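K.L.:
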Amino acid sequence: MKRAQAMVETLIAVLVIMLIFTSAFTLSRKLAARTLLDYGAARAARAKAVGFNDFMCRKSARAAIIPVAGKRLWPEDSGIDEVARVPIYLASENPPRANAILEYEYWHSTGIDVQSGMGIAPVAEARLEMSTGEFDVEGNAKVESHFPFYMHDAGF
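Heads up, this note's numbering is the position in the sequence shown plus 21, with the first residue counted as 1.
1) Give me the Cα-Cα distance between Ile133 and Arg79, rounded to the nearest whole angstrom.
2) Closer than 6 Å by C-beta to Leu123: which residues in its own chain qualify, once you throw out the five before and the five after it? Chain order, please.
3) If Ala85 sits next to Val135, beta carbons under 8 Å apart, how far is it from one beta carbon to the other, in whole angstroms?
4) Pick out the complete beta strand (DSSP E) segments inside the region 78–149, 3 residues or longer, and give them in chain order.
5) What would DSSP say about Glu159, mapped onto helix, strand or coil?
6) Once the 5 residues before and after Lys51 are set aside, which same chain residues still bring their CB inside 7 Å of it?
7) Could you check the C-alpha separation between Leu149 and Gln26 for me, to the nearest Å?
8) Alpha carbons only, please: which of Tyr60, Ala145, Arg55 and Trp128 is nearest the one belonging to Arg93?
9) Taking the alpha-carbon positions, what's the Glu165 to Gly72 distance?
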């Protein structure tokens with residue numbers, strides 16, 4: 022009887038410990054994704070603040086969130102490291118060419134919204150939302166934008 026009781030107590034303890042570890046693992050993945058989406062939003066806002074177009078801002082944000090972007094869809098295994106592909110991806114001229122260079126699983130479920138304000142204190146804002154199937158996470162960033170001042174002064 023005591024052996025059966027000990028086995029049941031051990032089983033309950035192991036299940037509780039596994040639940041705690043699983044919860045901690047999921048929470049750490051969410052926090053890492055949130056941190057990287059904040060970073061990606063900051064990169065997109067910075068790109069907008071210096072005057073890049075929305076396509077370049079989107080590419081900057083996507084490159085920043087590669088560690089949490091899921092499985093690489095393209096190229097599957099080309100022998101060329103991702104680090105070598107990122108500058109080529111950032112230099113791509115249009116979305117089809119960019120997707121032919123580098124593509125990840127969660128890039129299509131990532132919403133990227135970049136806006137630039139005008140006025141006395143213009144601010145470039147970026148918001149990223151990503152859905153992984155297991156959880157949804159978002160990142161936000163604001164950066165002071167001074168490019169309207171010097172672009173206007175230069176006659177553009």
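We put the beta carbon where it would ideally sit given N, CA and C, even for glycine. The model shown is predicted, which means the values in this text are computed figures rather than measured ones.
P.N.:
Checking against the coordinates, here is how it stands:
1) Computed Cα separation, rounded: 7 Å.
2) Closer than 6 Å at the Cβ level, and outside the excluded window around Leu123, lie Arg106 and Tyr110.
3) The C-beta distance from Ala85 to Val135 rounds to 13 Å, too long to meet the 8 Å contact threshold.
4) With a minimum length of 3 residues, the continuous beta strand (DSSP E) runs that stay inside the region 78–149 are 93–95 and 131–137.
5) Strand, per DSSP.
6) Result list for Lys51: Phe156 and Val158, in chain order.
7) For Leu149 and Gln26, the gap between their C-alpha atoms comes out near 51 Å.
8) Closest option to Arg93, Cα to Cα, is Trp128.
9) The alpha-carbon atoms of Glu165 and Gly72 are separated by roughly 12 Å.
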